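The sequence shown begins at 36 in the working numbering and counts up by one. What follows is a single structure, written as structure tokens, with notes after it.
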Amino acid sequence: MTDKSARLRSDAAVRFARNPAERPGRRSCTGWYQSIKTGHGLPYESLLERDALLLLDVDPDVAHFTVQPETFVWTEAGRQRRYTPDIRLETEDGKVVYRQVKLATRLASDPTLGGRLSAIETECAARGGRHELWLDTDIRRQPRLSNARRLRAAVAVLAHENLHVIRTIITHLPFPSSLGVAAEALGGRAHVNIVLGLVAIGELAADLERSLDDDAVLMPGRKVR
């Protein structure tokens, strides 16, 4: 089946080593995730991959990411081997990471990725990065994932014409502050989603491992430090 977000299409300038959203016959849910961080649509081939992209989008330590970045090709024992990482990301401190999204149960049944894991790690290192397996048990950890979904949805309430005033008010808050205090500074509890939208785009920072209630602690985000 195809997720309704498949109606989104990627920027024509963006190229992928392979496009899972357009692979016929896939049994899992494929589609396009519209990224706020990269500014264009990214294809995914499962709902788990979509959740992974969502987490990267609101992770303040991730500067940039893309999917299906390239296909590694090497020869082993006279046989050509291939591997396409699910994700390539760059952290704010300049590290490069290639990630493979994987179900923990599948990794348990094939811990060497068909005997390719060592070679994959070597290929990543040759490109100045490291290889990571990102399991569903981590991607879908709560309350982080639910918080990330809430932040992504809150971006929709940010109106460009009002951002200057909102930023001026927020920058005058005493930090650390709280979600409730920030909302009140903007005019009341009804403005919580505006504050969460600022967290989503990196202008405020919150701990997504904790509930985003009125007492959630806020700090200035990387983009305003």
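Glycine included, every Cβ here is placed at the ideal spot set by N, Cα and C. None of the values given here were measured: they were computed from a predicted structure.
In this structure, what does DSSP give as the bridge partners for Thr126? DSSP lists Val97 as partners of Thr126.
Counting along the chain, where does the beta strand (DSSP E) carrying Glu196 start and finish? Unbroken run through Glu196: none, as it is neither H nor E.
CB of Leu124 within 8 Å of CB of Val93, strictly: The Cβ atoms of Leu124 and Val93 do not sit closer than 8 Å to each other.
For the beta strand (DSSP E) containing Arg134, name the first residue and the last one. Note, Arg134: beta strand (DSSP E), Val131 to Lys137.
Take Gly222 as the anchor and find which of Ile236, Ile204 and Ala189 has the nearest alpha-carbon. It is Ile204 whose Cα lies nearest to the Cα of Gly222.
DSSP three-state call for Gly164: helix, strand or coil? In the structure shown, Gly164 adopts extended strand secondary structure according to DSSP, grouped into three states.
Given this structure, state the Cα-to-Cα distance separating Val216 from Asp86, to the nearest angstrom. Each residue's Cα considered, the two are about 30 Å apart.
According to DSSP, is Lys39 part of a helix, a strand, or is it coil? For Lys39, the predicted structure reports a pLDDT of 36, less than 50, and the residue's modelled location is therefore unreliable. A value from the coordinates is still provided. In the three-state DSSP reduction, Lys39 falls in the helix class (H, G or I).
Three-state secondary structure (DSSP) of Ala112: When secondary structure is reduced to three states using DSSP, Ala112 falls in the coil class, being assigned neither helix nor strand.
For Ala191 and Ile229, I'd like the C-alpha separation in whole angstroms. Those two C-alpha atoms are separated by around 9 Å.
Using the C-alpha atoms, what's the distance from Glu84 back to Ile174? If I take the Cα positions, the gap works out to 9 Å.
In the DSSP assignment, find the unbroken alpha helix (DSSP H) run with Leu243 in it and report its ends. Element bounds for Leu243: n/a, residue is neither H nor E.
Within a Cβ cutoff of 6 Å, which residues of the same chain sit near His99, ignoring the five residues on either side of it in sequence? Beyond the five residues adjoining it in sequence on each side, His99 comes within less than 6 Å, by CB distance, of Glu125 in the same chain, given in chain order.
Count the other CB atoms within 10 Å of the CB of Asn197; is the residue buried (16 or more) or exposed (fewer)? Result: exposed.
Ends of the alpha helix (DSSP H) at Leu83? Counting along the chain, the alpha helix (DSSP H) containing Leu83 begins and ends at Leu82 to Asp92.
Am I right that Leu253 and Ser213 are in contact with their C-beta atoms under 8 Å? What's the rounded C-beta distance? Their Cβ separation, rounded to whole angstroms, is 6 Å, which keeps Leu253 and Ser213 in contact under 8 Å.
Rounded separation between Leu91 and Val108 - CA only: So the alpha carbons of these two residues sit roughly 27 Å apart.
Residues in the same chain with beta-carbon distance under 6 Å from Asp249, minus the five sequence neighbours each way, listed in chain order, please. Correct list, in chain order: Leu214 and Gly215.
Alpha carbon to alpha carbon, how far is Glu219 from Ser246? Give it in angstroms, no decimals. Their backbone Cα atoms lie some 19 Å apart in a straight line.
For Thr106, name the three-state secondary structure that DSSP assigns. The three-state secondary structure of Thr106, taken from DSSP, is coil.
Output the distance between the C-alpha atoms of Leu243 and Leu138, rounded to the nearest integer angstrom. Leu243 and Leu138 have their C-alpha atoms some 22 Å from each other.
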